[in-house]
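Trainee: First residue of the sequence shown: 6, per this note's numbering; consecutive thereafter. For each residue, glycine too, the CB sits at the ideal point set by N, CA and C. All values reported here derive from a predicted model rather than from experimental measurement.
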Amino acid sequence: MNWKEAVRETLFTPKVAAERLIALNLNHQILWSAVVLVAVLNALVVSLGMQLMPPDPEVLKIMPAVMRSPAMLAIFIAGGLVITIHALYWAGRMLGGQGALGHVLVVLAWLQFLNVVVHVGLLLLSGLSPGVADTLSFVASVWGIWILVAFLDAAHGFNNPIRAIAVLLLAFGLMMAGLFILSVLIGSTVPGGA
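1) Using 8 Å as the threshold, is the C-beta distance between Val121 and Leu46 below it?
2) Quick check on Gln103: buried or exposed, where buried means 16 or more other Cβ atoms within 10 Å of its Cβ?
3) Suppose you measure from the CA of Gly198 to the CA of Ala44; what does that come to, to the nearest Å?
4) Can you tell me the Cα-Cα spacing of Thr140 and Leu36, whole angstroms?
5) How big is the Cα-Cα spacing for Pro62 and Met68?
6) Please tell me whether Leu53 and Leu128 are closer than 8 Å, where the distance is taken between their beta carbons.
7) Expressed to the nearest angstrom, what Euclidean distance is found between the alpha-carbon atoms of Phe177 and Val125?
8) Applying the criterion that 16 or more other CB atoms from any shown protein chain within 10 Å of the CB defines a buried residue, is Gly85 buried or exposed?
9) Do the segment 20–31 and the segment 64–82 meet, that is, are 3 or more Cβ pairs less than 8 Å apart?
10) Considering only the beta carbon of each residue, do Glu24 and Ala159 sit closer than 8 Å?
11) How big is the Cα-Cα spacing for Val41 and Ser134?
12) Taking the alpha helix (DSSP H) that Arg13 falls in, what are its first and last residues?
13) When the distance is taken between beta carbons, is Met55 closer than 8 Å to Ser131?
14) Is the segment 174–190 touching the segment 84–98 in the sense that three or more CB pairs, one from each, lie closer than 8 Å?
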């Protein structure tokens, strides 16, 4: 399968694309390296976008410091991807999914790679036509969710997109619960915290 065919399948028959990716049976070391690579590429694209089209000074004041450092942003994105991959894997297992962590890992790494490509295209387009770029960004987001559902369906072996949607919702809930617990722990150790 060549790159062009892989992208076409991902866009129009995402479950088939996911099954092909899973069939590659790549080892976890390669896949985790791919996750780190897409995190770095994503951070570079975001940083480049901020250099080419700087945010309003008022927005810059309230922007988290992590957004102003490409290295910190890459670490933040990589950490978020690791958490997301595990949440989607465990949520799928809780709902009867039979897929391995590597299955979720390969489809998420590929989807994030395509996400970087889309962001580069939108960045280039936003310099020419911000309105069109905004519209295409919305379309890409909705399409990306559809692809993610199909990818999760294949990764967990459900053959039921409704269960894949349930995995997304459960994973989101698990991540929110984890963030809440983390914030309570951090807040309770900070002087004057909760």
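Mentor: So, from the listed chains and residues:
1) Cβ atoms of Val121 and Leu46: closer than 8 Å.
2) With a threshold of 16 other beta carbon atoms within 10 Å, Gln103 falls short and is exposed.
3) Residue confidence for Gly198 is low, a pLDDT of 48 falling below 50, so the modelled location carries little weight and cannot support an answer.
4) Their backbone Cα atoms lie some 32 Å apart in a straight line.
5) Cα-Cα distance, rounded: 10 Å.
6) Yes, Cβ-Cβ distance for Leu53 and Leu128 is below 8 Å.
7) Their backbone Cα atoms lie some 27 Å apart in a straight line.
8) Exposed, because fewer than 16 other Cβ atoms sit within 10 Å of the Cβ of Gly85.
9) Judged by Cβ distances under 8 Å, the segment 20–31 makes no contact with the segment 64–82, as fewer than three pairs qualify.
10) Yes; because the gap between Cβ atoms is below 8 Å, this pair is in contact.
11) Roughly 31 Å between the two C-alpha positions.
12) For Arg13, the uninterrupted alpha helix (DSSP H) segment begins and ends at Trp8 to Phe17.
13) Result no, Cβ atoms of Ser131 and Met55 do not sit closer than 8 Å.
14) Touching, per the Cβ criterion.
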